[in-house]
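In case it helps, the working numbering puts the sequence shown at residues 70 to 833. Here a beta-carbon is modelled for each residue, glycine too, at the ideal position from N, C-alpha and C. Just so you know, these numbers come straight off a predicted model, no measurement behind them.
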Amino acid sequence: MKTKLKQVTGAVLAAGLGLAVTSSAFAAESLQDVMKRRNLSQQDLLAAAKTYTPSGKRDEFIAFSSGGQSGQIIVYGVPSMRILKYLAVFTPEPWQGYGFDEESKAVLAQGRIDGKDITWGDTHHPAISETEGQYDGQFLFINDKANPRLAVVDLRDFETKQIVVNPIYKSEHGGAFVTPNADYVIEAAQYPAPLANQKFVPLEEFNESYRGGVTYWKFDRQEGRIKPEESFSVELPPYSQDLSDAGKGPSDGWSFTNSFCSERYVGGIEKGRPPYEAGCSAKDTDYMQMINWKKAAELVKAGKATQVNGHNLITIDTAVKEGILFLIPEPKSPHGVDVTPDGKFMIVSGKLDTHVSVYSFEKIMGLIKAGKYESKDPYGIPVLSMKDSLHTQVELGLGPLHTQYDSKKCVAYTSLYVDSQVAKWDFCEGKVLDKLSVHYNIGHLFSMEGDSVNPQGKYLIALNKLSIDRFNPVGPLHPQNHQLIDISNDKMQLLYDMPLPLGEPHYAVGISADKLKPAVRYKVGTNSRTDSVHEGKTRAGQERIERDGNQVKVYATLIRSHITPETIEVEKGDEVTIYLTNLERAQDETHGFTVSTFNTHASIEPGKTVSVKFTADKEGVYPYYCTEFCSALHLEMQGYLLVKPKGYVAKGGSLAASDYTEDDYKKTLKKVADTQAVIDSVVGYIVGVNYKDFPDVVAMMDDAVDQLNRTKEAKAKSDAAAAKQDWEQANLWAEQVWQYQVKAADLGLRAKTYLEQNGAKPIK
Ligand code: RUQ
Ligand code: CUA
Numbered sequence: 070m071k072t073k074l075k076q077v078t079g080a081v082l083a084a085g086l087g088l089a090v091t092s093s094a095f096a097a098e099s100l101q102d103v104m105k106r107r108n109l110s111q112q113d114l115l116a117a118a119k120t121y122t123p124s125g126k127r128d129e130f131i132a133f134s135s136g137g138q139s140g141q142i143i144v145y146g147v148p149s150m151r152i153l154k155y156l157a158v159f160t161p162e163p164w165q166g167y168g169f170d171e172e173s174k175a176v177l178a179q180g181r182i183d184g185k186d187i188t189w190g191d192t193h194h195p196a197i198s199e200t201e202g203q204y205d206g207q208f209l210f211i212n213d214k215a216n217p218r219l220a221v222v223d224l225r226d227f228e229t230k231q232i233v234v235n236p237i238y239k240s241e242h243g244g245a246f247v248t249p250n251a252d253y254v255i256e257a258a259q260y261p262a263p264l265a266n267q268k269f270v271p272l273e274e275f276n277e278s279y280r281g282g283v284t285y286w287k288f289d290r291q292e293g294r295i296k297p298e299e300s301f302s303v304e305l306p307p308y309s310q311d312l313s314d315a316g317k318g319p320s321d322g323w324s325f326t327n328s329f330c331s332e333r334y335v336g337g338i339e340k341g342r343p344p345y346e347a348g349c350s351a352k353d354t355d356y357m358q359m360i361n362w363k364k365a366a367e368l369v370k371a372g373k374a375t376q377v378n379g380h381n382l383i384t385i386d387t388a389v390k391e392g393i394l395f396l397i398p399e400p401k402s403p404h405g406v407d408v409t410p411d412g413k414f415m416i417v418s419g420k421l422d423t424h425v426s427v428y429s430f431e432k433i434m435g436l437i438k439a440g441k442y443e444s445k446d447p448y449g450i451p452v453l454s455m456k457d458s459l460h461t462q463v464e465l466g467l468g469p470l471h472t473q474y475d476s477k478k479c480v481a482y483t484s485l486y487v488d489s490q491v492a493k494w495d496f497c498e499g500k501v502l503d504k505l506s507v508h509y510n511i512g513h514l515f516s517m518e519g520d521s522v523n524p525q526g527k528y529l530i531a532l533n534k535l536s537i538d539r540f541n542p543v544g545p546l547h548p549q550n551h552q553l554i555d556i557s558n559d560k561m562q563l564l565y566d567m568p569l570p571l572g573e574p575h576y577a578v579g580i581s582a583d584k585l586k587p588a589v590r591y592k593v594g595t596n597s598r599t600d601s602v603h604e605g606k607t608r609a610g611q612e613r614i615e616r617d618g619n620q621v622k623v624y625a626t627l628i629r630s631h632i633t634p635e636t637i638e639v640e641k642g643d644e645v646t647i648y649l650t651n652l653e654r655a656q657d658e659t660h661g662f663t664v665s666t667f668n669t670h671a672s673i674e675p676g677k678t679v680s681v682k683f684t685a686d687k688e689g690v691y692p693y694y695c696t697e698f699c700s701a702l703h704l705e706m707q708g709y710l711l712v713k714p715k716g717y718v719a720k721g722g723s724l725a726a727s728d729y730t731e732d733d734y735k736k737t738l739k740k741v742a743d744t745q746a747v748i749d750s751v752v753g754y755i756v757g758v759n760y761k762d763f764p765d766v767v768a769m770m771d772d773a774v775d776q777l778n779r780t781k782e783a784k785a786k787s788d789a790a791a792a793k794q795d796w797e798q799a800n801l802w803a804e805q806v807w808q809y810q811v812k813a814a815d816l817g818l819r820a821k822t823y824l825e826q827n828g829a830k831p832i833k
């Protein structure tokens, strides 16, 4: 029987066997041999054992890392550090068809600013949606610092669904951070500018007319979209806003945003003035800006917001009058502000100060209730005393930036940019517990669910800016370096370096893998970008080409291994829309689609409908094909777009084919019968064991049955042709029967291997 199986799957199976032989040769080496050969220490082995994830095994956590200037999100597993996906967000990504099919183009178009396409983004801070302060794994948000935008990703299919443009900023940084039930997504401005968009204001009027702010984007969880009309901003002085965080527990309802350059310095090297870096770090303190966003939302409902660029804005004056905005001095040029899991403290690191400052929310509230203000800033905002708001300050080292939390109470980890270290410390007691050197210039760091109310501990990842001497050289532009650290013991242990070559990842978040339950297929005909039925949804048998003037609409389907229709004839100048529906129900049976030279590509996952659109502006012959190696006959998943000159008259003639004989037909019938015997024996094995206990196998069987069911129609056509002695048609339809059989057999064999490897038991 083995020989027969081999005949069916041919070279593919043979290649697989070859691999098995090579790997067993390595198994002959002992652990000691390998350690010697690769120069590995006991410590290395221990680290390897903690991160190595055996073939076929999964990770405990999933990380979502910003993709920096790539405008994407990088998804990887922890502790294996295996990259799983580049998620297309602000930048076209051809493999996913993002920015090439019409549906994703429409998402990118939401991110246009002043009518211009912006085809990149500077992503910094991803945030996972929360329910009662815990990551719920439903949605992901990320900001674009360069072009003030925010994107919504649905974790049911890991696709970007929405991009919103901030209507009043020119840049932003303090986002995305979510409130504890993801009612709002926080986005703070960065470089101050006039809020009314199209206005020129000279730099001489910086203090009077340039402004910053914090935006609260209303998120509708049911629809999975941000509602711009229900969103609002609170105006802030031109103190460059930086990072933000939402309060939780006792501090729920408030948000905290850092600032730098509260000196309001405006540079001018070219005029002989000292640069920004000098003028922006002259004072000893900047301001933490505290906003009561719950009250702010009520003020908006009560009509107390003004409209700027069609957006709800609570002015500084209103915010002060209503008592929702306060300032507290914080050490020089701070970067991170991170609320503790219990919501009692806000931890701020001053980049140019060696301390972290732990602010007590309780003390702050005490000061506010007592109306105890130290002073007012030039815009009339009450300033609370730093000394009276502090719980403690701890000297950690040079360049503290960001703080994450452990599952252990009071334990925090702070990145030290200048020292290139991670400090583990106790924020309740105010003492340092451990320090670990990491590679150069750590920026953010993240622990698993480390900014939720319920951090999971276990692993910490350092996001290092430089990777000098860490990896094999690849030219002047180095990859970034994510370092995996074990934090399950008192002492931190560095486990692994992962190069990331896709822009500079700023922040990342890690979530327990079991909280993510993405779908593997869509309902047939789904427009995945709008979560609705696609106008171009096409079922098997409904494929057609419709023409209205010069508008040609092609309703096409894809299934292993053909695209229907296989010929598309249009005239020069026609505007062509091709709707593509993937009819597969099987997992991972994605088809791709492209038409030669029309700069178009689509990725069509099972059930999805997408459309590609172009003007057939040049007469000629253009092959189209499936771009995913989806099956043995993938190369044959092809067709022709024929662009004819206007008014072209067909010359007649018939399509080329060979002269098939009755003999050929009979040979094909024999092949079909042999293959059926193989299928029967594989099916015999499968139904003889407890395959129903293996959902993956059940799915494969469904898919195989689906393929086999398709043989009926082809067989009927073959039989009918044979009756008329049309051997060409009879033979070719019999070949089609065999094609379906091969796919079913391929699935059957996969299922059989799976069952054998996973200990299936015979049933009585
Ligand atoms: S950044 S390295 Cu969050 Cu934009 Cu700190
Ligand atoms: Cu479908 Cu290749």
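**Message:** Quick check on DSSP: helix, strand or coil for residue 351?
**Reply:** coil
**Asked** Relative to the ligand RUQ, is the shortest distance from any of its heavy atoms to the C-beta of residue 512 smaller than 7 Å?
**Response** yes
**Asked** How many angstroms separate the CA atom of residue 291 from the CA atom of residue 256?
**Response** 21 Å
**Asked** Bridge partners of residue 533, per DSSP?
**Response** 511, 550
**Residue range of the unbroken beta strand (DSSP E) whose run includes residue 651** = 644-651
**Message:** Can you check which of these residues, 632, 284, 567, is closest to residue 304 by C-alpha distance?
**Reply:** 284
**Request:** Could you pull the start and end residues of the alpha helix (DSSP H) that residue 788 belongs to?
**Result:** 780-792
**Message:** With a threshold of 7 Å (Cβ to nearest heavy atom), would residue 391 be considered close to the ligand CUA?
**Reply:** no
**Own chain residues within Cβ distance below 7 Å of residue 489, not counting five before or after** = 506, 507, 508, 509, 510, 511
**Residue of 576, 653, 302 minimising C-alpha distance to residue 550** = 576
**Asked** Closest by CA to residue 446, which one among 333, 369, 422?
**Response** 333
**Asked** When every heavy atom of the ligand CUA is checked, does at least one fall within less than 7 Å of the C-beta of residue 649?
**Response** no
**Asked** Around the Cβ of residue 515, are there at least 16 other Cβ atoms within 10 angstroms (buried) or fewer (exposed)?
**Response** buried
**Asked** Is the region 812-829 in contact with the region 738-750, if contact means three or more CB pairs nearer than 8 Å?
**Response** yes
**Asked** If you draw a straight line from the alpha carbon of residue 790 to that of residue 783, how long is it in whole angstroms?
**Response** 11 Å
**Request:** Check residue 811 in the structure and name its three-state DSSP category.
**Result:** helix
**Asked** So residue 580 and residue 155 are in contact, right, with Cβ under 8 Å, and what is the actual spacing, rounded?
**Response** With 8 Å as the limit, residue 580 and residue 155 do not qualify as a contact, their Cβ atoms being about 18 Å apart.
**Item:** When 663, 822, 707, 809 are compared against residue 166, the one with the closest alpha-carbon
**Value:** 663
**Message:** Using C-beta distances below 7 Å, list every residue in its chain close to residue 628, excluding the 5 sequence neighbours before and after it, in chain order.
**Reply:** 652, 653
**Inside the region 609-693 only - beta strand (DSSP E) runs reaching at least 3 residues** = 613-617, 620-628, 631-633, 636-640, 644-651, 660-664, 671-673, 678-684
**Asked** Based on the DSSP secondary-structure assignment, which residues constitute the bridge partners of residue 359?
**Response** 325, 395
**Prompt:** When every heavy atom of the ligand CUA is checked, does at least one fall within less than 7 Å of the C-beta of residue 246?
**Reply:** no
**Request:** Could you spell out the range, first to last residue, of the alpha helix (DSSP H) harbouring residue 576?
**Result:** Residue 576 -> no alpha helix (DSSP H), and no H or E assigned at all.
**Between the CA atoms of residue 158 and residue 294 - distance to the nearest angstrom** = 15 Å
**Request:** Can you tell me the Cβ-Cβ gap for residue 253 and residue 288, rounded? I've got them flagged as a contact below 8 Å.
**Result:** 6 Å
**Message:** Using C-beta distances below 7 Å, list every residue in its chain close to residue 226, excluding the 5 sequence neighbours before and after it, in chain order.
**Reply:** 587, 588, 597
**Request:** Return the CA-CA distance between residue 330 and residue 571, expressed in angstroms with no decimal places.
**Result:** 30 Å
**Request:** Alpha carbon to alpha carbon, how far is residue 198 from residue 640? Give it in angstroms, no decimals.
**Result:** 49 Å
**Asked** Thinking C-alpha only, which one of 385, 524, 258, 568 is nearest residue 145?
**Response** 568
**Item:** residue 86 (DSSP reduced to helix, strand or coil)
**Value:** Confidence at residue 86 is low in this model, with a pLDDT of 36, below 50, so its placement is unreliable and no value can be given for it.
**Item:** Straight-line Cα distance separating residue 311 from residue 561
**Value:** 29 Å
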